[in-house]
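**Q** Chains as they are written, first to last, in this note's numbering: chain A, 1 to 198; chain B, 199 to 396.
Ideal Cβ placement from N, Cα and C applies to all residues, glycine included.
Keep in mind that this is a model prediction, so the values were computed, not measured.
The structure follows.
Protein chains: 2
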Amino acid sequence: MDNHLVAVALDKAYRLLNHGPTVLVSARHQGISNVMAAAWSCALDFMPPKVSVVLDKATVTRSLIEQSGEFVLQVPTARQLALTHAVGNVSLAEDVDKLAHCGVTLFDAPDGSGPLVQGCAAWLHCRLIPEPHNQQTYDLFIGEVTAAWADDRVFRDGHWQFETADPEWRSLHYVAGGHFYAIGEALDVPADEASVNL
Amino acid sequence: MDNHLVAVALDKAYRLLNHGPTVLVSARHQGISNVMAAAWSCALDFMPPKVSVVLDKATVTRSLIEQSGEFVLQVPTARQLALTHAVGNVSLAEDVDKLAHCGVTLFDAPDGSGPLVQGCAAWLHCRLIPEPHNQQTYDLFIGEVTAAWADDRVFRDGHWQFETADPEWRSLHYVAGGHFYAIGEALDVPADEASVNL
Chain A
1 MDNHLVAVAL DKAYRLLNHG PTVLVSARHQ GISNVMAAAW SCALDFMPPK
51 VSVVLDKATV TRSLIEQSGE FVLQVPTARQ LALTHAVGNV SLAEDVDKLA
101 HCGVTLFDAP DGSGPLVQGC AAWLHCRLIP EPHNQQTYDL FIGEVTAAWA
151 DDRVFRDGHW QFETADPEWR SLHYVAGGHF YAIGEALDVP ADEASVNL
Chain B
199 MDNHLVAVAL DKAYRLLNHG PTVLVSARHQ GISNVMAAAW SCALDFMPPK
249 VSVVLDKATV TRSLIEQSGE FVLQVPTARQ LALTHAVGNV SLAEDVDKLA
299 HCGVTLFDAP DGSGPLVQGC AAWLHCRLIP EPHNQQTYDL FIGEVTAAWA
349 DDRVFRDGHW QFETADPEWR SLHYVAGGHF YAIGEALDVP ADEASVNL
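As structure tokens, this is what we get:
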């Protein structure tokens, strides 16, 4: 799949999260890697791009991020429905083979950063901006995006291509109880209205 | 439409935002009301429910929230595509008739809180939790949800009903440049996998 991995310009990185997908959060520290799912993640700034993500105190991934100071947000696809639900409901603290059992394969980005989850639609490598009050009070973590990539079968030229890509590439949007929605049809504001309002 | 407005239990309020819709943010202070669009809004806690939203310093809505200490997040629908794009691109500072020009009709909730935008799928009334550092440094505002409502044609019994409701009720997920996606098909993790992983 590496020949489909393309760099995304930092000033376009917010577009990878702008439509509100459920993300996978990955991190590693001293040889230990983990991946969790997070519905509560959001873009926070355009340039330099920043993101926010809520990480419960019980998660191993949060501990790895606190120690390593970095993490990766990635956008899983409809094909990864079971994987996404599984990594959000199994803890590495209870199953040391969690990633294998959940069907996760990790790889490193061309610049050596990682860990990235194979098969996702997009990846954002982030440097943690330490904010102890937010982290303790709200479980809220803020990161600056230092590099971003996408699979060019679903994101290219700075835009998602959901309307023409295979439906298996659609992003996932979690509600509750194993119930997700895939992203749906494109809706464009008519050009005359868009220009009046810009 | 009031006979379709139903209260949403606070412990289910997070579900109104969990799938990552673009929201409308409304506020009023001393008789002045305004509405803006925000793609960067997110659930932050289950109970009591909290939310986050990014509000640029240039927006009038932010100023109203800072002065009144409250705001409403609401989930606009595909039918409100033009309205949603318009309120995100016209400023009350430049057009005192912005709301009328954008097609916005406001109303108050049964408990008197507001302003709520008519025609949306769901509404969350929030009390601002002042966090000056977040607000100044990141334009990040945190609120506690004090009441929530939904239109029972698209959200009832604690769940979105996008798969059976008219497609005009689908939530909007903004990317950039007047380009949105509607929320799409339901995807459910098979019950046996869901139970293994919970």
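Under the three-state reduction of DSSP, which class applies to A:Q136: helix, strand or coil?
**A** For the purposes of this step, residue 136 of chain A is taken as residue 136 along the first sequence, with counting starting at 1. Here A:Q136 sits in helix by DSSP.
**Q** If B:E383 sits next to A:Y174, beta carbons under 8 Å apart, how far is it from one beta carbon to the other, in whole angstroms?
**A** Residue numbering aside, residue 383 of chain B sits at position 185 when the second sequence is read from its first letter. Residue numbering aside, residue 174 of chain A sits at position 174 when the first sequence is read from its first letter. About 14 Å separates the two Cβ atoms, so there is no contact after all.
**Q** Report the three-state DSSP secondary structure of A:R170 (helix, strand or coil).
**A** The residue labelled residue 170 of chain A in the question sits at position 170 within the first sequence. A:R170: coil per DSSP, three-state reduction.
**Q** What separation, rounded to the nearest whole angstrom, lies between the Cα atoms of B:F269 and A:C102?
**A** Taking the first residue of the second sequence as position 1, residue 269 of chain B is located at position 71. Taking the first residue of the first sequence as position 1, residue 102 of chain A is located at position 102. Those two C-alpha atoms are separated by around 40 Å.
**Q** In chain order, which beta strand (DSSP E) runs of at least 3 residues are fully inside the stretch 25-56 of chain A?
**A** 32-38, 41-45, 50-54
**Q** Name the chain B residues that come within less than 8 Å of A:P130, Cβ to Cβ?
**A** Here residue 130 of chain A corresponds to residue number 130 of the first sequence, with the count starting at 1. Those do not exist, as A:P130 stays about 13 Å from chain B at its closest Cβ, beyond 8 Å.
**Q** Determine the direct distance from the alpha carbon of B:V221 to that of B:P274, and round the result to whole angstroms.
**A** As a first step, residue 274 of chain B must be located in the second sequence, where it is residue number 76. As a first step, residue 221 of chain B must be located in the second sequence, where it is residue number 23. Computed Cα separation, rounded: 6 Å.
**Q** Under 8 Å between beta-carbons, which chain A residues line up against B:V373? List them in chain order, please.
**A** As a position in the second sequence, residue 373 of chain B is number 175, starting the count at 1. Per Cβ cutoff of 8 Å: R15, N18, H19, H159, W160.
**Q** Using CA atoms only, rank isn't needed, just tell me which of B:A319, B:S266, B:N332 is closest to B:A211.
**A** Indexing the second sequence from 1 puts residue 211 of chain B at position 13. Comparing Cα-Cα distances from B:A211 to each of B:A319, B:S266, B:N332, the minimum goes to B:A319.
**Q** Can you tell me which of the three DSSP states B:E264 falls into?
**A** By one-based count along the second sequence, residue 264 of chain B stands at place 66. In this structure, B:E264 counts as helix in the three-state DSSP scheme.
**Q** Got a sec: is the Cβ-Cβ distance from A:L198 to anything in chain B below 8 Å?
**A** For the purposes of this step, residue 198 of chain A is taken as the residue at position 198 of the first sequence. Because A:L198 sits at a pLDDT of 33, beneath the cut-off of 50, its placement in the model cannot be relied upon, and the point is left open.
**Q** Look up A:V104 in the DSSP assignment and say whether it is helix, strand or coil.
**A** By 1-based counting over the first sequence, the position of residue 104 of chain A is 104. Coil, per DSSP.
**Q** CB-CB under 7 Å to A:E131, same chain, minus the five flanking residues each way: which ones, in chain order?
**A** Taking the first sequence and counting its residues from 1, one reaches residue 131 of chain A at position 131. So the list reads I142, once near-sequence residues are dropped.
**Q** Determine contact between the stretch 238-246 of chain B and the stretch 289-303 of chain B, defined as no fewer than three beta-carbon pairs at a distance below 8 Å.
**A** no
**Q** In terms of residues, what are the limits of the beta strand (DSSP E) holding A:L124?
**A** Here residue 124 of chain A is taken as the residue at index 124 of the first sequence, counted from 1. 122-129 is the extent of the beta strand (DSSP E) around A:L124.
**Q** For the ligand PLP, is there a heavy atom less than 7 Å away from the beta-carbon of B:E361?
**A** Although the ligand PLP was asked about, the structure shown includes no ligands whatsoever.
**Q** Whose C-beta lies closer than 6 Å to the C-beta of A:V60 among residues of the same chain, with five residues either side of it excluded?
**A** Taking the first sequence and counting its residues from 1, one reaches residue 60 of chain A at position 60. Counting only Cβ-Cβ distances below 6 Å, and skipping sequence neighbours, we find N34, L92, A93.
**Q** Answer yes or no: does any C-beta atom of chain A fall closer than 8 Å to that of B:V273?
**A** Taking the second sequence and counting its residues from 1, the one referred to as residue 273 of chain B is at position 75. Chain A, which has no Cβ nearer than 8 Å to the Cβ of B:V273, makes this no.
**Q** Between which two residues does the alpha helix (DSSP H) harbouring B:V285 extend?
**A** As a first step, residue 285 of chain B is located in the second sequence; it is residue number 87 there, counting from the start. Counting along the chain, the alpha helix (DSSP H) containing B:V285 begins and ends at 279-285.
**Q** Answer yes if the stretch 357-371 of chain B comes into contact with the stretch 271-287 of chain B, meaning at least three C-beta pairs across the two stretches below 8 Å, and no otherwise.
**A** In this structure the stretch 271-287 of chain B lies against the stretch 357-371 of chain B, because at least three pairs of beta carbons, one per stretch, are closer than 8 Å.
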